[in-house]
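Peer 1: Supplied in structure tokens, the structure appears directly below.
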Amino acid sequence: MRRRELLQQAAAALGGGWALAGCEGRGPDGIPGGFAGTAVERGHLLRTLREVPAPAVVRRTGVLIAGGGIAGLAAARALRLRGQGDFALLELEDAAGGNSRGGSVGGIACPLGAHYLPVPGDDVPAVQDLLEELGLRRRVAGRWEVDERHLCHSPQERLFFRGEWQEGLLPLQDVGESTLAAYRGFARRVAALQRAARFAIPVQRSAFAPVQLALDAITFDTWLQQEQLADPHLRWYLDYCCRDDYGAGLARVSAWAGIHYFASRHGFHAPGEAEAERDPVLTWPEGNGFLARALAAPLGDRLRTGRTVLRIEDGRHGVTVDAWDHAAQQVERWEAAQCIVALPLHVAVRVVAQPPDLLRTAAAATPHAPWLVANLHLDAPLHDRPGPAPAWDNVVYQEAAAADAAGFGRGLGYVDARHQTLDPTPGPTVLTCYLALGDLAGGRAALLDRPWQAWRDAVLAELAAPHPDIAERATRIKITRYGHAMAVPVPGTLQRIGLQPARNAGHTLSKKEHDGPAHGRLRFAHSDWSGYSVFEEAFSRGHAAGSA
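Numbering-wise (the working numbering), the sequence shown opens with residue 1125 and increments by one.
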């Protein structure tokens, strides 16, 4: 199939396209760009390297942290806070932060991945402490307050549905009484489950309620069928929420994960019912890159970027870690008393010598979803369809079958980098567009093999329905690929978490402690151990490993 034909097919499947919208002028082919933000070949070095070369240099440290995502950065912070300054952190990319890094296009800051943090509650004291340290949270007249400058400004969300925009992401425009009844039915079930069991972030290593384990045993799709919740608009919304947080839809994630999305935070409220205020979120133009940069700043030369960890061995007298230094083009060896393995499970199980059973089991049971983030620079505001004004989060309703037939997965909409600005003057901006590919057959291979132009065209096709001038306004696009972006909480995830052996077995944890898996001199810290990827899970696990 020719590229132009593929673009037209994608545009038709997604409800419109730049060509079908009658857009004249530059067109997609005139928009330059490329892949950026991740060095795919560095991670794939583990595939091609048959044996680890002899080290060219040997270094020593007290604690070696392998992996500089949020978990690794949180572990480094915890070590600093308890006075342990003798550590080093090895990171694959040229900047720490993992999926929470930020970048820029055309001089405008934008996320390369995660773009917000819900204001944390008392279940995540470590994250609360971080916000206090950064001056984002303080006590005023006996009450905790968050700096409003960093809270997402209104309007927060809107949905392009049936040819126009509507407030919020739950489809409402002319949906009919049967759909509204389905919304109310789901709300009642979520509320009942919240009363029956405790849903919390982070996921605690403790005995889960029988109802939670029952939900963990089946898919969300199966549970919805059992509950006779078949309304297509409700299912679209729930599928969107799962893809947004877990990288895969309701046919893959467990029913526990689907319920946890709502029950652990704000619940689910049907239109017209007494509605609690939605949880406020913190956000920045560069997304969670703001937090990643703040965590990395105090590390100085203890942060070693551009390193691919090749081997971690827990030996008789300590831990030995071999890593490839991409700048020096040589292997460096680190000898440490302890190692915090803050790597994704599929990487950790490859690099840890004689991996323990707990790691093998967790890695085998944890699939990952590929993910694409496209940052699109615009020279001026877009033409908009009728409805509410542009929001921070803007989502396009897509029929699943048609979107999947186009072969590019279903987009999750876009966030606007200028939404938080206090300058009312219209001007250039960057739209950060997200595609979760966990449900796309061969999604990871497609992400690796397809040229960046194909992904550019798919993004433009999705956004052309609400914005027919998208191809004329776009000046450049940068596409970031994550082949293993996040763990997918499939059935069985809770059972696996409950079986994790921990270093602190038999020890009563204080409010600020959060137990984590360990083996010998190795402590494991990554959101993968929680079965899904959000900032609070990664940070809490890293903090626990650094505090142990």
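Positions of the beta carbon are idealized from the N, C-alpha and C atoms, including for glycine.
Please tell me whether L1536 and Y1521 are closer than 7 angstroms, where the distance is taken between their beta carbons.
Peer 2: No, these two residues do not count as a Cβ contact at 7 angstroms.
Peer 1: If you draw a straight line from the alpha carbon of G1209 to that of R1426, how long is it in whole angstroms?
Peer 2: Near 9 angstroms, if we compare the C-alpha coordinates of R1426 and G1209.
Peer 1: Can you give the Cα-Cα distance for L1255 and R1204, rounded to whole angstroms?
Peer 2: 16 angstroms
Peer 1: Once the 5 residues before and after V1243 are set aside, which same chain residues still bring their CB inside 8 angstroms of it?
Peer 2: V1270, L1275, D1403, P1404, V1405, L1406
Peer 1: Under 6 angstroms: does the beta carbon of F1284 sit that close to some heavy atom of the ligand HEM?
Peer 2: As far as ligands go, the structure on display features none, and thus does not contain the ligand HEM.
Peer 1: Go ahead and pull the three-state DSSP assignment for V1176.
Peer 2: In this structure, V1176 counts as coil in the three-state DSSP scheme.
Peer 1: Exposed or buried, which one is H1492 when buried takes at least 16 other CB atoms within 10 Å?
Peer 2: buried
Peer 1: Starting from the Cα of L1555, find the closest Cα among R1568, P1510, L1502 and give me that residue.
Peer 2: L1502
Peer 1: For I1342, name the three-state secondary structure that DSSP assigns.
Peer 2: coil
Peer 1: In the DSSP assignment, what residue or residues form a beta bridge with D1446?
Peer 2: R1435, R1457
Peer 1: Pull up the distance between the alpha-carbon of I1342 and that of V1176, whole angstroms please.
Peer 2: Between I1342 and V1176, the alpha-carbon positions lie close to 42 angstroms from each other.
Peer 1: At which residues does the beta strand (DSSP E) containing G1186 begin and terminate?
Peer 2: 1181-1190
Peer 1: So, helix, strand or coil for V1314, using DSSP?
Peer 2: helix
Peer 1: Hey, is the segment 1191-1200 in contact with the segment 1649-1660, meaning 3+ C-beta pairs nearer than 8 angstroms?
Peer 2: yes
Peer 1: Any contact between the segment 1282-1291 and the segment 1510-1519? By contact I mean 3 or more CB pairs, one from each, below 8 angstroms.
Peer 2: The way I'd put it, the segment 1282-1291 does touch the segment 1510-1519; three or more beta-carbon pairs between them come closer than 8 angstroms.
Peer 1: May I have the straight-line CA-CA distance separating P1505 from I1594, to the nearest angstrom?
Peer 2: Roughly 9 angstroms separates the two Cα atoms.
Peer 1: Assess contact between the segment 1359-1375 and the segment 1325-1338, defined as three or more Cβ pairs (one per stretch) separated by less than 8 angstroms. Is contact present?
Peer 2: no
Peer 1: Taking all protein chains shown into account, decide if G1644 is buried (16 or more other Cβ within 10 angstroms of its Cβ) or exposed.
Peer 2: Answer is exposed; the Cβ neighbour count stays below 16.
Peer 1: Just to confirm my understanding: we take H1384, look at its own chain, exclude 5 residues before and 5 after, and list those with CB closer than 6 angstroms. What are they?
Peer 2: F1323
Peer 1: At a cut of 8 angstroms, does the segment 1570-1577 reach the segment 1377-1394 through at least three beta carbon pairs?
Peer 2: no
Peer 1: Is it true that the segment 1411-1428 meets the segment 1221-1229, where meeting means three or more beta-carbon pairs spaced less than 8 angstroms apart?
Peer 2: yes
Peer 1: Give every residue of the same chain whose Cβ lies closer than 7 angstroms to the Cβ of H1543, excluding the five residues on either side of it in the sequence, and list them in chain order.
Peer 2: H1277, W1516
Peer 1: So G1608 is in the beta strand (DSSP E); what residue range does that whole segment cover?
Peer 2: In the sequence as displayed, the identity of residue 1608 is His instead of Gly. Looking at the DSSP string, the run of the beta strand (DSSP E) that includes H1608 is 1598-1611.
Peer 1: Should H1631 be labelled buried (16 or more other beta-carbon atoms within 10 Å of its own) or exposed?
Peer 2: The predicted position of H1631 is uncertain, since its pLDDT is 41 and thus under 50; a value taken from the coordinates is nonetheless stated next. Classification of H1631: exposed, given that the 10 Å Cβ count is below 16.
Peer 1: Pick helix, strand or coil for A1114, following the three-state DSSP scheme.
Peer 2: Shown here, the chain extends from 1125 to 1672; a query on residue 1114 therefore has no answer.
Peer 1: Is T1444 closer than 7 angstroms to E1459 when the C-beta atoms are compared?
Peer 2: In contact: E1459 and T1444 (Cβ atoms closer than 7 angstroms).
Peer 1: Give a yes or no on whether the C-beta atoms belonging to P1641 and L1482 are separated by under 7 angstroms.
Peer 2: yes
Peer 1: Quick check: the Cα distance between A1565 and V1475, rounded to an integer number of angstroms?
Peer 2: Going by the C-alpha atoms only, they are around 28 angstroms apart.
Peer 1: So, under 8 angstroms CB-CB, A1199 and G1670 are touching, yes? Tell me the CB distance rounded to an integer number of Å.
Peer 2: 4 angstroms
Peer 1: Applying the 10 Å Cβ sphere with the 16-neighbour rule, what's the burial state of L1469?
Peer 2: buried
Peer 1: Give the secondary structure of R1367 by DSSP, where H, G and I count as helix, E and B as strand, and everything else as coil.
Peer 2: helix
Peer 1: Which residue's Cα is closest to the Cα of R1580: L1500, L1260, V1614, W1495?
Peer 2: L1500
Peer 1: Under three-state DSSP, which class holds Q1478?
Peer 2: coil
Peer 1: Whole angstroms is fine: what's the gap from L1214's alpha carbon to T1429's?
Peer 2: Rounded to the nearest angstrom, the gap between the Cα atoms of L1214 and T1429 is 6 angstroms.
Peer 1: Around the C-beta of L1496, are 16 or more other C-beta atoms found within 10 angstroms, so that it is buried, or is it exposed?
Peer 2: buried
Peer 1: Return the CA-CA distance between Q1350 and L1362, expressed in angstroms with no decimal places.
Peer 2: 15 angstroms
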